[in-house]
Structure formats: structure tokens, C-alpha cells
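Q: Chains as they are written, first to last, in the numbering used here: chain A, 1 to 235; chain B, 1 to 235. Got a structure for you, questions after.
Number of protein chains: 2
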Amino acid sequence: SGAVEEAVPVRDSRAATDARLIKTENNVISAYETAVKERHSVAAQLSDWGEATGDDMVSDISDKLGVIIAEFAEIEDWFASQLEDSRSVLKHIRNIEQGVQPCRDQKAKVIDRIAHLRHSKPEAPEIVRLEQELVRVEAQNLVAEAQLTNITRSKLKESYQLHFAAVQERAEKSIILAKYGCKLLDLLDDAQIGPGEMSQGYEGEGAARQTLVECENELARWKPESEQMSDEGSL
Amino acid sequence: SGAVEEAVPVRDSRAATDARLIKTENNVISAYETAVKERHSVAAQLSDWGEATGDDMVSDISDKLGVIIAEFAEIEDWFASQLEDSRSVLKHIRNIEQGVQPCRDQKAKVIDRIAHLRHSKPEAPEIVRLEQELVRVEAQNLVAEAQLTNITRSKLKESYQLHFAAVQERAEKSIILAKYGCKLLDLLDDAQIGPGEMSQGYEGEGAARQTLVECENELARWKPESEQMSDEGSL
């Protein structure tokens, strides 16, 4: 990876990387939120477009495809909110790290003072007092660093567990929607009509509506694998 | 749906709805392309951040999580390109519709001239000639309208078949990545360490690397259901 290590203490580099990561994750979320908004527009406009063709079959199917697209948008919206939750968990790490900084600063200050006195007044009684202070401050630092290590590991894990669970749910629901979208397309009879042939009156509206109903039902029944397994366990 | 029908011929409304739909779909694609770019940044920055913690376990796991995130970005990039292909198919419809417009205009013009002459010079021999022209022009229009109907239905179907196939592939590959992402997280030992405890030397690098290798292999083996079924058929 590309972190430039100069004579900069690792903590500055860490604060900088924290800030960059959290900011960029926000950019990801914003991009998905834009996609959501635009997909909702596509859903409505697809319906308008279909109606404007004056072809009853195209009008009905495109209207219902619009419903499917709107459902996709809802899932992406939920996904973006899960990314936000995941990002918030990482912010905990940054907060703890900011809390540890004063400890580190205090330790550095005591070390500096000891070094300075050893150089200028090596007999000063203050050195003994400072050395005792250093022992206490180092103990505090060890606790703080252990806390930071523990928080970092557990929050990194928690953040990405949220992230991957959201990916999974979004994917499984997308598969359901795509399946019913394809069933709608099967109702679109694209057999060629000849000039002047009145295409047979469109009679697929009921079947198309039923497809949407079944889609909604299957989405409503969806549950994460862990819940499915505990359902089976309790049967 | 919300198309306003005034004294505007349906063809104007259709051209307007075509244009809006195609434009908005472009906005969707741009939003996903932005998400791709930002997710690639997150992947790199996650790795940098992990290295900056100075914790070998966190550094290794976050680096490998970064690889997973970069793979997600690749899938989204591919998905955006499929949306672009799907959108291009719809543009065919608009092109055909634009080609039909001259026919419609010509028919309207002949009808207007006949009406004008019937009002001003009802005995004009030109009326008979124009009526014959109208018959030919109407025949041409019937062919054009049938072509448009056929193209509209088949391209709508083709466009959304592409779209839903892309949704399906993106979803199935996302599930694979999330699964291996979770396996990486399982290697992240978040058992609490106490102050001053040297956390045991991190020895998970091999297991983590192997997890990524297995992930890459499973992604490479992925194929659409239709190909899987034909494989089984040929066994």
C-alpha cells in the first residue's frame, strides 16, 4: 500500500488515513443515493414512455417494469443506508484513537523533560519525580493502546460484517426482482405483426398484475439465511 | 402515469418521453460509475489505514478486505457497462421512430391539401390524384407503424433481458465475494488483549491469502445458469 512513511510519528499517518477512509466511504454512499434517485425517475419515465407508444401491451408491461425498477431503487436505498451504518462503526475507532492521543502526548512530554534535565541538570531531584511519573504515564499508555487495539479489531470486524450482510441481502432480493422482471418480459409478445393487422386486443393485464403480486409476496417472505436456519431448527 | 395529454399529437409526447428516459438512464449509469471510482479509492485507503494501525493482523486483513472491495468495484463497473448496452438497445426504438416521422408528416400534408381543395375548388381534378396518392401514403404508413410496433416490442424486451441478466450476474458474484469477505473476518481474532500483552505474533497471513485465492477461483468458475444447465445436459 502507499502510505508514505517519513519522520512522521505513526499516529499522524493513522489519523490522516482514518479521515480519508471515512470521507471516501461517504462519497460511495452519495453516489449510490444519486443512483437511487435517478432509478426512481427511470421507473416513472418508463411508464410514461410506454403509455405514449399507444400500444396497450407495451404500455402495461412497461408500467409494471417500472414498478420492478422502483423496487430495485428501494433496495439500493436500503443498501446505501447500511453502508452508512457500517461507516459509523468505523468512526468509533477514530473517536477512540483521538481519545488516546493526549496520553501519547503526555508521555512524549515527560520523556522530553527528562532528557532535557539529564543534559542540563543531571543532579536535579526533579528527575526522580519525573521518572516515577513516567512509569505511571506508561502504564496508562499501555492500557490506552490495548483499548485502541481491541476497539480497532472488533469495530473493523463489526463494520464489515454489516457491509457484507447488506451485500448479501441486496443481492438475494435483486435476484428475486430480476426473476419476476423476466416473467413480465415473457408476457411481452414480440411476434411480428404485419401492416394494418389489428394486433389482437391485449389481454395480459391480469397475468402481469399477478406477476407483480407474486413478486411482492416473495420479497416479503425473504429472510436472511440465519433466520431461515433457526426457523428450521424450531420445527 | 403522468403524461399530460393535451391537443398534442401522440408522436410528440412519445419523442419527449424517449428523450427523457434515455437521458435519465445515462444519469443512472454515471452515478454507478462514480460509485465504482470511489469504491476503488476505499479499497486502497482501507489498506493504507490498516498499515497505519501498526497491528499486523489488522494490517493484513484490511489489505485483503481491500482486495474484496476492489473486486466489488469491478463488478459494479461491469454492471454499469451492461446498463449502457441495455440503454443503447432502447435508442434503436427512438431511431426507428424518428425514421417514421417523415411518413406521418407526408400523410398529414396530403390530407390537409385534399381538405383545402375540397373547400376551395371541389371540382379540381387534382383531388382525385391526391386521393390516389393518399392511398399509397397510407399503405406506407401502415408498414411504418407496424415496423415501429414490432421494433418497440422486441427492443423493449431485449433491453430489459440484458438489464435483468446483468442484475442476476452482479448479484450472484456479489454473494460469492461477501462469503469470502466473511471468511476473512473470521480470521480477525478480536479476543480482548490486556495492557502490555504482546499480542501473539500474527500467523494468519497464509490462511488469509488462501481465502483470497479460493475467492478468485470461485469467481472464475462462475457461469450463468443457462450455461450450467447446458453443461449438465452434455455430461
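Built from N, CA and C at the ideal position, the CB exists for glycine as well. Just so we're clear, the structure is a prediction, and the values are computed from it rather than from any experiment.
B:Val-167 and A:Leu-21: beta carbons closer than 8 Å?
A: Counted from its first residue, the second sequence places residue 167 of chain B at position 167. Counted from its first residue, the first sequence places residue 21 of chain A at position 21. No, they are not a contact pair.
Q: At the level of alpha carbons, what is the spacing between A:Cys-182 and B:Ser-159?
A: Taking the first sequence and counting its residues from 1, one reaches residue 182 of chain A at position 182. Taking the second sequence and counting its residues from 1, one reaches residue 159 of chain B at position 159. C-alpha separation (whole angstroms): 11 Å.
Q: Name the chain B residues that come within less than 8 Å of A:Tyr-32, Cβ to Cβ?
A: As a first step, residue 32 of chain A is located in the first sequence; it is residue number 32 there, counting from the start. From the beta-carbon of A:Tyr-32, the residues of chain B found nearer than 8 Å are Ala-31 and Ala-35.
Q: How far does the alpha helix (DSSP H) with B:Ala-165 in it extend, from its first residue to its last?
A: Here residue 165 of chain B refers to the residue found at position 165 of the second sequence. Here the alpha helix (DSSP H) through B:Ala-165 covers 126-186.
Q: For A:Trp-222, which three-state DSSP category applies?
A: Along the first sequence, one-based indexing puts residue 222 of chain A at 222. Here A:Trp-222 sits in coil by DSSP.
Q: Taking just the CA atoms, how far does B:Val-36 sit from B:Asp-112?
A: Taking the second sequence and counting its residues from 1, the one referred to as residue 112 of chain B is at position 112. Taking the second sequence and counting its residues from 1, the one referred to as residue 36 of chain B is at position 36. Taking the straight line from one Cα to the other gives about 55 Å.
Q: Assuming A:Thr-24 is part of the alpha helix (DSSP H), what are its boundary residues?
A: What you label residue 24 of chain A is simply residue 24 of the first sequence in a count that begins at 1. Unbroken alpha helix (DSSP H) run through A:Thr-24: 10-52.
Q: Is A:Ile-96 near A:Ile-151, with beta carbons less than 8 Å apart?
A: In the first sequence, counting from the first residue as 1, residue 96 of chain A sits at position 96. In the first sequence, counting from the first residue as 1, residue 151 of chain A sits at position 151. Cβ distance < 8 Å, so A:Ile-96 and A:Ile-151 count as in contact.
Q: Specify the secondary structure class of A:Gln-228 as computed by DSSP and reduced to three states.
A: For the purposes of this step, residue 228 of chain A is taken as the residue at position 228 of the first sequence. In this structure, A:Gln-228 counts as helix in the three-state DSSP scheme.
Q: Express the C-alpha separation of B:Phe-164 and A:Lys-64 in angstroms, rounding to a whole number.
A: Taking the first sequence and counting its residues from 1, one reaches residue 64 of chain A at position 64. Taking the second sequence and counting its residues from 1, one reaches residue 164 of chain B at position 164. Each residue's Cα considered, the two are about 14 Å apart.
Q: Are the C-beta atoms of A:Arg-20 and some chain B residue less than 8 Å apart?
A: Locating residue 20 of chain A in the first sequence gives position 20, where the first residue counts as 1. Output row for A:Arg-20: interface = yes.
Q: Are the beta-carbon atoms of A:Asp-190 and B:Ser-154 separated by less than 8 Å?
A: On the first sequence, position 190 is the one that residue 190 of chain A refers to. On the second sequence, position 154 is the one that residue 154 of chain B refers to. Yes.
Q: Is the shortest distance between the beta-carbon of A:Ser-62 and the beta-carbons of chain B less than 8 Å?
A: As a position in the first sequence, residue 62 of chain A is number 62, starting the count at 1. Yes, contact with chain B.
Q: Using a cut-off of 8 Å between C-beta atoms, extract the partners of B:Lys-157 located in chain A.
A: On the second sequence, position 157 is the one that residue 157 of chain B refers to. Those are Leu-185, Leu-188 and Asp-190, listed as they occur along chain A.
Q: Indicate the three-state DSSP secondary structure (helix, strand or coil) for B:Gly-99 in the structure shown.
A: Position 99 of the second sequence, counted from the first residue, corresponds to residue 99 of chain B. In this structure, B:Gly-99 counts as helix in the three-state DSSP scheme.
Q: What's the gap between the Cα of A:Ala-171 and the Cα of A:Ala-73?
A: Residue numbering aside, residue 171 of chain A sits at position 171 when the first sequence is read from its first letter. Residue numbering aside, residue 73 of chain A sits at position 73 when the first sequence is read from its first letter. Approximately 13 Å, taken between the alpha carbons.
Q: Out of A:Ile-29, A:Asp-186 and A:Leu-130, which one is the CA nearest neighbour of A:Trp-78?
A: The sequence position of residue 78 of chain A within the first sequence is 78, counting from 1. Answer by Cα proximity: A:Ile-29.
Q: Out of A:Asn-26, A:Ile-68 and A:Gly-66, state which residue places its alpha-carbon closest to the alpha-carbon of A:Lys-91.
A: Residue numbering aside, residue 91 of chain A sits at position 91 when the first sequence is read from its first letter. The candidate whose alpha carbon is nearest that of A:Lys-91 is A:Asn-26.
Q: Can you round the beta-carbon distance between B:Thr-246 and A:Asp-48 to whole angstroms, since I take them to be within the 8 Å contact cut?
A: Given that chain B is displayed from residue 1 to residue 235, the structure contains no residue 246 of chain B and the question cannot be resolved.
Q: Kindly indicate which three-state DSSP category B:Lys-121 falls into: helix, strand or coil?
A: On the second sequence, position 121 is the one that residue 121 of chain B refers to. DSSP places B:Lys-121 in coil when its eight states are reduced to three.
Q: Going along the chain, which residues of its own chain have a beta-carbon closer than 6 Å to the beta-carbon of B:Glu-84, five neighbours each way excluded?
A: By one-based count along the second sequence, residue 84 of chain B stands at place 84. Setting aside the 5 residues that flank it on each side, B:Glu-84 is surrounded in the same chain by Ile-29, each with a C-beta closer than 6 Å to its C-beta; the list follows chain order.
Q: For B:Gly-204, would you say it is in contact with chain A, using Cβ-to-Cβ distances shorter than 8 Å as the test?
A: Translated into the one-based positions of the second sequence, residue 204 of chain B becomes position 204. With 8 Å as the cut-off, B:Gly-204 does not count as an interface residue toward chain A.
Q: Could you have a look at A:Gln-200 and say whether DSSP puts it in helix, strand or coil?
A: Within the first sequence, numbered from 1, the residue matching residue 200 of chain A stands at position 200. Reduced to three states, the DSSP call for A:Gln-200 is coil.
Q: Tell me the rounded alpha-carbon separation between B:Val-8 and A:Thr-53.
A: Locating residue 8 of chain B in the second sequence gives position 8, where the first residue counts as 1. Locating residue 53 of chain A in the first sequence gives position 53, where the first residue counts as 1. The predicted position of B:Val-8 is uncertain, since its pLDDT is 40 and thus under 50; a value taken from the coordinates is nonetheless stated next. When only Cα atoms are considered, B:Val-8 and A:Thr-53 end up about 14 Å apart.
Q: B:Val-143 versus chain A: which residues are under 8 Å apart at the beta carbon?
A: Looking up residue 143 of chain B in the second sequence gives position 143. Here the neighbours are Pro-195.
Q: Please list, in chain order, the chain B residues whose beta carbon lies closer than 7 Å to that of A:Thr-53.
A: Taking the first residue of the first sequence as position 1, residue 53 of chain A is located at position 53. Neighbours of A:Thr-53 on chain B, chain order: Arg-14 and Thr-152.
Q: Roughly how many whole angstroms lie between the Cα atoms of B:Pro-102 and B:Ala-144?
A: Here residue 102 of chain B corresponds to residue number 102 of the second sequence, with the count starting at 1. Here residue 144 of chain B corresponds to residue number 144 of the second sequence, with the count starting at 1. Approximately 10 Å, taken between the alpha carbons.
Q: Between A:Glu-51 and the rest of its own chain, which residues show a CB-CB distance below 6 Å, the 5 nearest in sequence each way excluded?
A: Taking the first residue of the first sequence as 1, we reach residue 51 of chain A at position 51. Closer than 6 Å at the Cβ level, and outside the excluded window around A:Glu-51, lie Ser-59.
Q: Can you tell me which of the three DSSP states B:Ala-207 falls into?
A: One-based indexing of the second sequence puts residue 207 of chain B at position 207. Looking at B:Ala-207 - three-state DSSP - the assignment turns out to be helix.
Q: Report back the beta-carbon spacing between A:Ile-266 and A:Leu-184 to the nearest angstrom; my notes put them in contact at under 8 Å.
A: As displayed, chain A neither begins before 1 nor continues past 235, which places residue 266 of chain A out of reach and without an answer.
Q: Say whether chain B places a C-beta atom closer than 8 Å to the C-beta of A:Ser-41.
A: Position 41 of the first sequence, counting from 1, holds the residue named residue 41 of chain A. Interface criterion met: the Cβ of A:Ser-41 is under 8 Å from a Cβ in chain B.
Q: Cα separation between B:Val-89 and B:Thr-24?
A: Residue 89 of chain B sits at position 89 when you count from the first residue of the second sequence. Residue 24 of chain B sits at position 24 when you count from the first residue of the second sequence. Looking at the two C-alpha atoms, the distance is approximately 15 Å.
Q: Using only CA atoms, which one of B:Gln-82, B:Lys-223, B:Leu-46 and B:Ala-80 lies nearest to B:Ala-70?
A: Here residue 70 of chain B refers to the residue found at position 70 of the second sequence. Minimum Cα distance to B:Ala-70 is reached at B:Leu-46.
Q: In chain order, what residues of the same chain lie with their CB nearer than 6 Å to the CB of A:Glu-33, ignoring the 5 residues before and after it?
A: Here residue 33 of chain A is taken as the residue at index 33 of the first sequence, counted from 1. So the qualifying residues of the chain are Ala-80.
Q: In its own chain, which residues sit with a C-beta less than 8 Å from the C-beta of A:Glu-131, not counting the 5 before and 5 after it?
A: Along the first sequence, read from residue 1 onward, the residue named residue 131 of chain A stands at position 131. Within the same chain, A:Glu-131 has close Cβ partners Ile-114.
Q: Show which residues of chain A have a CB atom less than 8 Å away from the CB atom of B:Thr-211.
A: For the purposes of this step, residue 211 of chain B is taken as residue 211 along the second sequence, with counting starting at 1. Among the residues of chain A, none has a CB under 8 Å from the CB of B:Thr-211; the nearest is roughly 13 Å distant.
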